[in-house]
Amino acid sequence: GLREKFGYGIDLGKWQKLWSQNYKMTMSTAYKENLYKMFYRWHLPPTRIARMFKNKSDKCWKCHQIPGSYYHMWGTCSDAKRYWTKIHTWLGKMIKQHIDFK
Numbered sequence: 060g061l062r063e064k065f066g067y068g069i070d071l072g073k074w075q076k077l078w079s080q081n082y083k084m085t086m087s088t089a090y091k092e093n094l095y096k097m098f099y100r101w102h103l104p105p106t107r108i109a110r111m112f113k114n115k116s117d118k119c120w121k122c123h124q125i126p127g128s129y130y131h132m133w134g135t136c137s138d139a140k141r142y143w144t145k146i147h148t149w150l151g152k153m154i155k156q157h158i159d160f161k
């Protein structure tokens, strides 16, 4: 669960608040669909696909180094971190403001 992977859990009230805030953030159906898929872990990471199909690799699609779990793909992959760092830098320059990045 979340507690084991991230070091903390989230109660249902906070989860519902996050969901409703994010869902109201845009009118884009494509964005809302992706948000829904991320929140409910609809995206299948390589480790899960490899369990379903024995001929598929479980390695991360981005770094190709270690098994690509959901947690790794969205949180710890070095290639993904580089990508999001570039996006963070670009957004900061575009809006001419510092954005905290954790």
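Under the numbering used here, the first residue of the sequence shown carries the number 60, and numbering increases by one thereafter.
By construction, the Cβ of each residue, glycine as well, lies at the ideal position given by its N, Cα and C atoms.
This structure is a prediction, so every number in the text was calculated from the model and none was measured.
Between the stretch 79 to 94 and the stretch 106 to 118, do three or more beta carbon pairs fall short of 8 Å? Counting C-beta pairs closer than 8 Å gives fewer than three between the stretch 79 to 94 and the stretch 106 to 118, which falls short of the contact rule.
On the DSSP bridge assignment, give the partners of residue 126 in chain order. DSSP lists 118 as the beta-bridge partner residues of residue 126.
Could you give the DSSP three-state label for residue 85: helix, strand or coil? Three-state DSSP puts residue 85 in coil, outside helix and strand.
Just the Cα atoms here: how many angstroms apart are residue 100 and residue 127? Whole-angstrom Cα-Cα distance: 14 Å.
Just to confirm the assignment, what range does the alpha helix (DSSP H) spanning residue 104 have? Where residue 104 is concerned, there is no enclosing alpha helix (DSSP H), given that its DSSP letter is neither H nor E.
Give the range of the alpha helix (DSSP H) segment to which residue 144 is assigned. Per DSSP, residue 144 belongs to the alpha helix (DSSP H) from 137 to 154.
Helix, strand or coil: which one does DSSP assign to residue 113? If DSSP states are grouped into helix, strand and coil, residue 113 belongs with coil.
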